[in-house]
Amino acid sequence: ITYALQEPEGAERLRQAAVDGLVGLIRDLCGQAGAPPEHIVDVVVVGNTAMHHLFLGLPTRPLGLAPYVPVESAPMDVRARDVGLSLAPGAFVHLLPNIAGFVGADHVAALLAARMDEADRPTLLLDIGTNTEICLAAGGELFSCSAASGPAFEGAHIRFGMRAAPGAIERVRVLEGRVFWETVEGKPPVGICGSGILDAVAELRRAGILNGRGGWQENPSVYRTENGPEFVLVPAEASGLGQAITLSRKDIGEVQLAKGAIAAGWQVLLEIAGIREEEIAQVVIAGAFGTYIDVGNAVALGLLPNVPLARFEQVGNIAGTGARMALLSRAERERAARLARRVRYVE
211 ITYALQEPEG
221 AERLRQAAVD
231 GLVGLIRDLC
241 GQAGAPPEHI
251 VDVVVVGNTA
261 MHHLFLGLPT
271 RPLGLAPYVP
281 VESAPMDVRA
291 RDVGLSLAPG
301 AFVHLLPNIA
311 GFVGADHVAA
321 LLAARMDEAD
331 RPTLLLDIGT
341 NTEICLAAGG
351 ELFSCSAASG
361 PAFEGAHIRF
371 GMRAAPGAIE
381 RVRVLEGRVF
391 WETVEGKPPV
401 GICGSGILDA
411 VAELRRAGIL
421 NGRGGWQENP
431 SVYRTENGPE
441 FVLVPAEASG
451 LGQAITLSRK
461 DIGEVQLAKG
471 AIAAGWQVLL
481 EIAGIREEEI
491 AQVVIAGAFG
501 TYIDVGNAVA
511 LGLLPNVPLA
521 RFEQVGNIAG
531 TGARMALLSR
541 AERERAARLA
551 RRVRYVE
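Quick note on numbering: my numbering labels position 52 of the sequence shown as 262, and the sequence is numbered without any gaps.
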């Protein structure tokens, strides 16, 4: 949003980048299916409110200034050619509704796929990312909010953080003071992704190497550097980088910020709905990060509610599932519109 507002032609560059990305995806999918793009008659697009506005060429200034209100929230059906997509003559792009400035059509698609409107017991849905969208279904009502959780669980703002690519540490265990790790595809470690970061913090806390405030306790693997104490996860001789892979106090702080934002989000929704934590019957965890996390460690850190592990379900890209449902059924698109109107948005 800042780029769109401050750079000349910034919004148009971002719009074109989004269109180019879609064109590339359509070309790839058509190649796999053996069907030309000119045969496509319907497309469904879901995303956060900012991407929705950029894609349609709508003003983004209201999203960058309080009270962060979208220019358009209603579902929209636009001709594909009007947004730069060369598909079948008369093809339409269907955009699901937004709910608020920080809760967009991707959240609506997730609610659609999770059947949150049909939940007969308290159900919590978390789609974890840089912005974590959270919904609580309770007492026949739907409450949603967005938590500015930041990019730590996507590997950003962490010194050795990275996405879940080959060589990324994705699992960490600390046993009798020794650190054991697993990497994506079993490659030599070159960094640590979100699930590994979460594991590392939980395991170090459990082992007493981290205290309750995120500070280091005395330990042979904690070394003092010019940037402060750091814990060595992987020694240089075992690293694919040729140097040690470490965690710093700043890295721990990024995890604390993310955890605090997400936990505050679902706790506020519980308070508003008058639901106690132990009354949550199901917790649905979505998003790329949510697919791979160790739920037990997330609960231990307070990131997720402290309920029995059997109540958790990890569902992956549930927004994509909702988009597919909306693509295949006009009735589902209409249901998505009703869902969005039912949601009580919580700042």
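We put the beta carbon where it would ideally sit given N, CA and C, even for glycine.
CB contact below 8 Å: residue i versus chain D
{"i": "ALA510", "result": "You won't find chain D in this structure, because it holds only one protein chain."}
Residue i - DSSP class collapsed to helix/strand/coil
{"i": "VAL444", "result": "strand"}
{"i": "ARG439", "result": "The amino acid occupying residue 439 in the given sequence is Pro; Arg does not appear at that position. Strand."}
{"i": "PHE312", "result": "coil"}
{"i": "ARG325", "result": "coil"}
{"i": "ILE455", "result": "strand"}
{"i": "VAL517", "result": "coil"}
{"i": "ASP238", "result": "helix"}
{"i": "LEU334", "result": "strand"}
{"i": "VAL293", "result": "helix"}
{"i": "LEU279", "result": "First, the amino acid is wrong: residue 279 is Val here, not Leu. Coil."}
{"i": "ARG486", "result": "coil"}
{"i": "ASN341", "result": "coil"}
{"i": "GLY274", "result": "helix"}
{"i": "PRO247", "result": "helix"}
{"i": "GLY470", "result": "helix"}
{"i": "ASN258", "result": "coil"}
{"i": "ALA462", "result": "Note on residue identity: the sequence assigns Ile, not Ala, to residue 462. Three-state DSSP puts ILE462 in a helix."}
{"i": "GLU481", "result": "helix"}
{"i": "GLU217", "result": "coil"}
{"i": "LEU549", "result": "helix"}
{"i": "ALA298", "result": "coil"}
Residues bridged to residue i (per DSSP)
{"i": "LEU426", "result": "Note that residue 426 corresponds to Trp in the displayed sequence, not to Leu. According to DSSP, which records beta bridges pairwise, TRP426 is partnered with LEU420."}
{"i": "GLY526", "result": "ALA496"}
{"i": "HIS353", "result": "The residue asked about is misnamed: residue 353 is Phe in this sequence, not His. Note: PHE353 sits in a beta bridge opposite LEU346 and ARG554."}
{"i": "MET286", "result": "LEU305"}
{"i": "TYR502", "result": "Answer is none; TYR502 lacks a bridge partner."}
{"i": "VAL253", "result": "VAL303"}
{"i": "ARG223", "result": "For ARG223, which the question treats as bridged, DSSP gives no partner whatsoever."}
{"i": "ARG434", "result": "PRO439"}
CB-CB length for residue i against residue j, believed under 8 Å
{"i": "PRO280", "j": "ASN308", "result": "5 Å"}
{"i": "VAL479", "j": "GLU487", "result": "Reading off the sequence shown, one finds Leu at residue 479, where the question assumed Val. In fact, because the Cβ distance is near 11 Å, the residues do not count as touching under 8 Å."}
{"i": "HIS367", "j": "GLU464", "result": "5 Å"}
{"i": "ALA319", "j": "VAL256", "result": "4 Å"}
message: Which runs of the beta strand (DSSP E) at least 3 residues long sit entirely within the segment 359-424? Give them in chain order.
response: Secondary structure within the segment 359-424: the beta strand (DSSP E) runs of 3 or more consecutive residues, fully enclosed, are 378-385 and 388-393 (chain order).
message: Across the segment 539-548 and the segment 346-361, are there enough close Cβ pairs to call them in contact, namely three or more that are closer than 8 Å?
response: Because the criterion of three Cβ pairs below 8 Å is not met, the segment 539-548 and the segment 346-361 do not touch.
query: Three or more beta-carbon pairs under 8 Å between the segment 297-306 and the segment 335-345, yes or no?
result: The answer is no - the segment 335-345 does not touch the segment 297-306, with fewer than three Cβ pairs under 8 Å.
- request: Pair every Cβ in the segment 288-302 with every Cβ in the segment 456-469, then say whether three or more of these pairs are closer than 8 Å.
  value: The segment 288-302, when compared against the segment 456-469, does not touch it at the 8 Å Cβ threshold.
query: Do the segment 391-398 and the segment 433-441 touch if we need at least three Cβ pairs shorter than 8 Å?
result: At 8 Å Cβ cutoff, the stretches do not touch.
message: With three or more C-beta pairs closer than 8 Å as the rule, is the segment 501-513 touching the segment 408-416?
response: Yes: at least three Cβ pairs fall under 8 Å.
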